[in-house]
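Remarks on the structure that follows.
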Amino acid sequence: MSRLFLNSMGLNTKDGAKQIKHSMEVQGVTNLSDQKIFVVLYTPYGVDDFIVKNCIEILGFQPQNIFLSKDGIPEADINYVYVTEGNVFQVLNYMKENELVDYIQKLILNKGQTDYIGSSAGAMIAGKDIYFGLDFDKNNVGMTDFKALNLFDGTIIPHYEEENLEMYKSNTEEEILNSYENIYCVNNENVFVLTI
Numbered sequence: 046m047s048r049l050f051l052n053s054m055g056l057n058t059k060d061g062a063k064q065i066k067h068s069m070e071v072q073g074v075t076n077l078s079d080q081k082i083f084v085v086l087y088t089p090y091g092v093d094d095f096i097v098k099n100c101i102e103i104l105g106f107q108p109q110n111i112f113l114s115k116d117g118i119p120e121a122d123i124n125y126v127y128v129t130e131g132n133v134f135q136v137l138n139y140m141k142e143n144e145l146v147d148y149i150q151k152l153i154l155n156k157g158q159t160d161y162i163g164s165s166a167g168a169m170i171a172g173k174d175i176y177f178g179l180d181f182d183k184n185n186v187g188m189t190d191f192k193a194l195n196l197f198d199g200t201i202i203p204h205y206e207e208e209n210l211e212m213y214k215s216n217t218e219e220e221i222l223n224s225y226e227n228i229y230c231v232n233n234e235n236v237f238v239l240t241i
């Protein structure tokens, strides 16, 4: 069984890292010093150092147990995957170009012993697709295949309160809504945890 920790604020902020740490502690995760994390970064955003620093200082990972996507797919057994925030189309496109989608799906769905942490774009990428991202981010990579990790049958909209989600759904075609088993949201103060 794997857990998905989905939030709107990522590891590039102390507040986001503290939210993730708290939600992990609620789930019984208290010591990450011997755990390994694979971090999907989108380097043009310039937040790589902040993310690594917060993995060490707030979450408690040891530097030698942090594997970055820019260094390729690691040989190590990975306990956690983190997918960064940013433009959802750019991040997913980067993941597809670097064959990270299949790698992460195998870790989470086949092995079932790896947990997923997704922040903002990374939260939406955990779902079936990023179709709803068209309403929030510019598709500046010309993506036409919106399939994402499909770790659960549904989607999640980050930076959204429940009442905003209901209004959003009321303005969305029923055929589109019916293509998802679940449509979730997560605001900027919480972490949505899903066990799969």
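Heads up, the final residue of the sequence shown is numbered 241 in my numbering, and it's a clean run with no missing numbers.
All C-beta atoms in this analysis are idealised placements derived from N, C-alpha and C, irrespective of residue type, glycine included.
(request) Could you check if residue 236 is buried or exposed, using at least 16 other CB atoms within 10 Å of its CB as the buried criterion? (result) By the neighbour-count criterion, in which a residue is buried when 16 or more other Cβ atoms sit within 10 angstroms of its Cβ, residue 236 is buried.
(request) Inspect the CB distances between the segment 164–175 and the segment 188–203 and report whether three or more fall short of 8 Å. (result) Output reads yes: the segment 188–203 touches the segment 164–175.
(request) Take residue 69 and list the residues in its own chain whose beta-carbon comes closer than 7 Å to its own, dropping the five residues that flank it on each side. (result) In the same chain as residue 69, and ignoring 5 residues on each side of it, the C-beta atoms closer than 7 Å to its own belong to 50, in chain order.
(request) Determine the contact status of residue 149 and residue 81, defining contact as a CB-CB distance below 8 Å. (result) No. Outside cutoff.
(message) Could you compute how far the alpha carbon of residue 92 sits from the alpha carbon of residue 132?
(response) Residue 92 and residue 132: Cα-Cα distance of roughly 14 Å.
(request) Hey, could you find the ends of the alpha helix (DSSP H) residue 139 is sitting in? (result) First-last of the alpha helix (DSSP H) with residue 139: 133–142.
(message) Residues in the same chain with beta-carbon distance under 8 Å from residue 112, minus the five sequence neighbours each way, listed in chain order, please.
(response) For residue 112, where only same-chain residues beyond five positions count, the Cβ hits under 8 Å are 81, 82, 83, 84, 119, 121 and 123.
(request) Could you tell me which residues DSSP pairs with residue 199 in its beta bridges? (result) Its beta-bridge partners are 227.
(request) Tell me whether the beta-carbon of residue 104 lies closer than 8 Å to the beta-carbon of residue 153. (result) If you check the CB distance, residue 104 and residue 153 do not come in under 8 Å.
(message) Can you tell me whether residue 117 is buried or exposed? The criterion is at least 16 other CB atoms within 10 Å of its CB, across all chains shown.
(response) Exposed, because fewer than 16 other Cβ atoms sit within 10 Å of the Cβ of residue 117.
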